[in-house]
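Okay, so here's the structure we're looking at.
2 protein chains.
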Amino acid sequence: MRIAVDAMGGDFAPEQIVAGAVLAADEVDAQVSLVGRPEAIRACIGERPVNGRLEIEAAQDIIEMGESPRAALRGRDDSSIARAVGLVKDERAQAVVSAGNSGAFMAVAATRLGVVPGVKRPAIALTLPHPSGYRVLLDAGANADCKPEHLRDFGLMGSVYAQYTLGFDSPRVGLLSIGEETSKGNELTKAAHELLEAADLNFIGNVEGGDVFRECCDVIVCDGFVGNVVLKTLEGLTAMLTAQVREAILSNPALQSAMPAFEGELRRIANQFDAAEYGGALLLGVNGVAIVGHGCSDARAVRNAIGFAQRAVHARLVEHLSEVFAQRAEKSA
Amino acid sequence: MRIAVDAMGGDFAPEQIVAGAVLAADEVDAQVSLVGRPEAIRACIGERPVNGRLEIEAAQDIIEMGESPRAALRGRDDSSIARAVGLVKDERAQAVVSAGNSGAFMAVAATRLGVVPGVKRPAIALTLPHPSGYRVLLDAGANADCKPEHLRDFGLMGSVYAQYTLGFDSPRVGLLSIGEETSKGNELTKAAHELLEAADLNFIGNVEGGDVFRECCDVIVCDGFVGNVVLKTLEGLTAMLTAQVREAILSNPALQSAMPAFEGELRRIANQFDAAEYGGALLLGVNGVAIVGHGCSDARAVRNAIGFAQRAVHARLVEHLSEVFAQRAEKSA
């Protein structure tokens, strides 16, 4: 198995991307192709010990973070994103990881790899922790405007992902809405509710915002606007609450001395939603494993993203998705 | 000033509602009319000392929590909700508070009081704390499906509310979206962005989910679906994170002894988003001050809701709203 890594994308590229790839080459059971400017990559590797699993694939162009996704689709064939995706397209790699311009990466991946037959819209699937494991939330931002059938497809894709990559037996799929009753929601979710109920899924009905943190379902379906707002809300609130706890402890003379003992725990609580912990977000529905890293990915985040890519390929995620959507097409034919 | 309180609505009605009204009669500068079954209300008052500010207004019917809002609109004129709203309609009271069936309360208030001329959709305005004060988020759930002009009106209403009730000079209004750039968002927010920009507002552009917890704007505008998901997400996450902090402290022998000293602080952090702290949510845009209490309101929450109603009446909130929308109509005429 080979995993293509965009060495030039991300706020701390290429240094942290290369450092993460070096770690992964040691720890993850896959070849790692660093895609970008060879001299820059070699300079970052420097004196680090490199094993035979690490390779360099040349690409001279860089799509900057601020460029429009559309710009990335034309005449940018020598960009690190295009070359990295191209390795998967040419079947020289089985997965691609980029912490660069995420809009550009998603557009290039969807266009060049194509989508799994039957999938209308790829979605960003986020792996979120809850007290006793993981769950999936999708779409976390790929599609700001959705139709009911898109949400139905997100339910199907999320269910396959939860089953084969997270190991759930019959994943419980919930629809994010504003009330548990079937009649509650907006026009979109009310129509999607009917489609999800009719789909071949373990659909448990509506869930609410608070259920993201309760052990009640394994896959949470929403449109990309709502999913992104939820994601940013939980990141912002986690940062604020853990800062308040730290402040409260440090400003209390009776507690100050306990802070060192508590520091590690508090950091663990503060970082639990950090996508880097699990490896990033998956662009689910494209014909290949594509991992969308956070722009501020450090070496550990990149290493985890490569590990996550390896697990998704190993689990034959794309093949299982194709089977499920092919069966669906057959039934409805 | 007189404030009508639905004594029969809420999970802990009438006991906690009456207890809250008794507190308010002592502490809030207003007459308080408890609306409901007189014998039940008198039984709850029991031996409590009652001053001349507390009155009872008879209503025999009760709209239960599970009933559909539509049911509340027909032939239920003797319900505590209808009678309490009726006091405002008849100008015998200036504000109404209910912790009962919120859908029914909103429907009755909007129908019987009518809306401020020019307002198309009343919205639920939530007062949220942030590290250095308060801000307003609306709509928090009254309108699951919105048009761009509704969001523009929410911006205008939220701005008036923040100016006259929270004391901001020129409230900064932000549009909740998924990226700060004007081009980011869904169809609804992109169209609303243009309308908000053209409105007579201190509009600062798009804000993101994380900005709900940062000191960057005073009024956050969103549709009622997104607003309700954000509200439930922050309630659920706050409960989860503070439980994790408590657990981490109690399971660490070096920290256990510090827990009593920390208990109060942790409770304050856990309860900061509790609507009861500020008094509840305001149904903004109806012709009268209407406070939507949480179903699980206790005496303190009811007392705070009555205090909040008093402040809104005192600030002449509805009159200011009417002026702003009348000026708007004049300009566009």
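Same order as they appear, the protein sequences are chains A and B. Residue 1 is where the first sequence starts when you use the numbering used here, and the numbers rise one by one after that. Residue 1001 is where the second sequence starts when you use the numbering used here, and the numbers rise one by one after that. All C-beta atoms in this analysis are idealised placements derived from N, C-alpha and C, irrespective of residue type, glycine included. None of these values were measured; they are calculated from a predicted model.
Check                                                                                                                                         : Outcome
Buried or exposed by the 16-neighbour rule on C-beta atoms within 10 Å, applied to K1089 of chain B                                           : buried
Within chain B, the residues that D145 of chain A reaches when beta carbons sit closer than 8 angstroms                                       : N1186, E1187
Partner residues on chain B for D90 of chain A, Cβ-Cβ distance less than 8 angstroms                                                          : In chain order: nothing, as chain B lies at least about 33 angstroms away.
Straight-line Cα distance separating Q1310 of chain B from R1042 of chain B                                                                   : 24 angstroms
Test: M106 of chain A CB closer than 9 angstroms to a CB of chain B                                                                           : no
Closer than 8 angstroms at the beta carbon, the chain B residues around L334 of chain A                                                       : Shown here, chain A extends from 1 to 333; a query on residue 334 of chain A therefore has no answer.
Entirely enclosed beta strand (DSSP E) segments - the stretch 275 to 308 of chain A, minimum 3 residues                                       : 281 to 284, 289 to 292
Cβ shell of L255 of chain A (< 7 angstroms), same chain only, five flanking positions each side left out                                      : I249
M1106 of chain B versus A299 of chain A: straight-line alpha-carbon distance, rounded                                                         : 52 angstroms
Within-9 angstroms CB hit, I178 of chain A to chain B                                                                                         : yes
Residues near V1221 of chain B by beta carbon distance below 6 angstroms, same chain, minus five either side                                  : L1151, F1154, G1155, L1175
Minimum length 4: unbroken alpha helix (DSSP H) runs contained in the stretch 1156 to 1211 of chain B                                         : 1187 to 1198
Chain B contact for A71 of chain A (CB, 9 angstroms cutoff)                                                                                   : no
Proximity below 9 angstroms, CB of G1036 of chain B to CB of A1058 of chain B                                                                 : yes
Contact list for the stretch 1240 to 1262 of chain B against chain A, Cβ threshold 8 angstroms                                                : M1240, L1241, T1242, Q1244, V1245, A1248, I1249, N1252, A1254, L1255, A1258, A1261, F1262
Start-to-end residues for the beta strand (DSSP E) that takes in I1220 of chain B                                                             : 1219 to 1221
Near-chain A residues of the stretch 1119 to 1135 of chain B (beta-carbon distance less than 9 angstroms), N- to C-terminal order             : H1130, P1131
Buried or exposed (CB count within 10 angstroms, at least 16 for buried), S102 of chain A                                                     : buried
Span of the beta strand (DSSP E) around R1002 of chain B                                                                                      : 1002 to 1006
Test item: CB-CB of I1017 of chain B and G1009 of chain B under 9 angstroms                                                                   : yes
According to DSSP, residues forming a beta bridge with L138 of chain A                                                                        : A:V221
Three-way DSSP call (helix, strand, coil) for I62 of chain A in this model                                                                    : coil
Given N1186 of chain B as reference, the closest of A:V229, A:E247, A:A191, A:G307 once Cα atoms are compared                                 : A:V229
Proximity of L283 of chain A and A40 of chain A at Cβ, strictly below 9 angstroms                                                             : no
Inter-residue spacing [alpha-carbon to alpha-carbon] between T242 of chain A and E235 of chain A                                              : 11 angstroms
First through last residue of the beta strand (DSSP E) which encompasses Q31 of chain A                                                       : 31 to 36
Beta-bridge partners of G1133 of chain B, as assigned by DSSP                                                                                 : B:H1130
Residues near D78 of chain A in its chain [Cβ-Cβ closer than 6 angstroms; skip 5 each side]                                                   : A59, Q60, D61
Range covered by the alpha helix (DSSP H) that runs through V318 of chain A                                                                   : 317 to 332
Backbone CA spacing between G179 of chain A and I1291 of chain B [nearest angstrom]                                                           : 21 angstroms
heavy atom of the ligand GTP below 8 angstroms from V1096 of chain B C-beta                                                                   : Here there are no bound small molecules, and the ligand GTP is not part of this structure.
Three CB pairs or more closer than 8 angstroms across the stretch 210 to 220 of chain A and the stretch 165 to 172 of chain A                 : yes
A25 of chain A - DSSP class collapsed to helix/strand/coil                                                                                    : helix
Beta-carbon contacts of G114 of chain A that lie in its chain and below 6 angstroms, excluding the five residues immediately before and after : N287
Strand pairing of S1079 of chain B, partner residues [DSSP]                                                                                   : B:D1061
Proximity test, Cβ basis, 9 angstroms: F1213 of chain B and chain A                                                                           : yes
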